[in-house]
Amino acid sequence: MQNPDPKREMLRHAIATLAYRGAKAVRGADDSFASFKASKTSRTPAQILAHVGDLVDWALSIAKGTETWQNSPARTWPDEVARFHASLKLLDEYLASDDQLHASCERLFQGPIADALTHVGQIAMLRRIAGEPIRGENYSIAKIEAGRIGAEQAEPSREFD
Numbered sequence: 000m001q002n003p004d005p006k007r008e009m010l011r012h013a014i015a016t017l018a019y020r021g022a023k024a025v026r027g028a029d030d031s032f033a034s035f036k037a038s039k040t041s042r043t044p045a046q047i048l049a050h051v052g053d054l055v056d057w058a059l060s061i062a063k064g065t066e067t068w069q070n071s072p073a074r075t076w077p078d079e080v081a082r083f084h085a086s087l088k089l090l091d092e093y094l095a096s097d098d099q100l101h102a103s104c105e106r107l108f109q110g111p112i113a114d115a116l117t118h119v120g121q122i123a124m125l126r127r128i129a130g131e132p133i134r135g136e137n138y139s140i141a142k143i144e145a146g147r148i149g150a151e152q153a154e155p156s157r158e159f160d
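Residue numbers for the sequence shown follow numbering that gives the first Met the number 0, so the first one is 0 and each next one is one higher.
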């Protein structure tokens, strides 16, 4: 991108934050965690992660001006984790390009991205309920940077119990 748009770059940082927090929430979870139910009416972690993938795909379709929504059925846990990162990669690549953005960065953040962050928090909470907690972290000093959206993330700077 010739002259990066500061709002677009902030949105890319938000996506990198989603990738970092999402990777932490799913890392090391046993495959059986995918089907854990906190109650009779709650979604399973795999269903939540499928929804997150749908949200990221929706964000990309909004950005491209071809807004579409899908309700994907949950796949296996490893497949959902891979889809999460693959969807983020496609969205980040689009935002990093010179391609036209067909919606405001604010709309993309307040809708699909903020919703996805909420659902990643649900997965982290379900890890604790299922007896597979992740450690808390001071995310304000985490090494999060635009473009780092894969499963391999920086080591936590400061974790706590």
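Glycine included, each C-beta is placed from N, C-alpha and C at the ideal position. Computed from a predicted model, the values in this text were never measured in an experiment.
With 16 or more other Cβ atoms from the protein chains shown falling within 10 Å of its own Cβ, residue 152 counts as buried.
Within the same chain, Cβ atoms closer than 7 Å to the Cβ of residue 102 are found at 61, 62, the five residues on either side in sequence being excluded. Inclusion of residue 35 and residue 76 in the CB contact set at 8 Å is not warranted, their separation being larger than that value. In the DSSP assignment, residue 3 falls outside any alpha helix (DSSP H), carrying neither H nor E. Close CB contacts of residue 12 within its chain, under the 6 Å cut and outside five residues either way in sequence, are with 145 (chain order).
The Cβ atoms of residue 148 and residue 14 sit closer than 8 Å to each other. The C-beta distance from residue 87 to residue 18 rounds to 5 Å, short enough to fall under 8 Å. Scanning its chain for C-beta atoms nearer than 8 Å, with the 5 sequence neighbours on each side dropped, one finds around residue 53 the residues 68, 69, 70, 71, in chain order. With a minimum length of 4 residues, the unbroken runs of alpha helix (DSSP H) contained wholly in the segment 47–96 fall at 76–95. In the DSSP assignment, residue 117 falls within the alpha helix (DSSP H) that extends over 113–128. Residue 139 and residue 158 have their C-alpha atoms spaced approximately 11 Å apart. Just measuring C-alpha positions, the residue of 133, 155, 126 sitting nearest residue 37 is 126. From the listed residues 48, 65, 42, the smallest Cα separation to residue 99 is found for 65.
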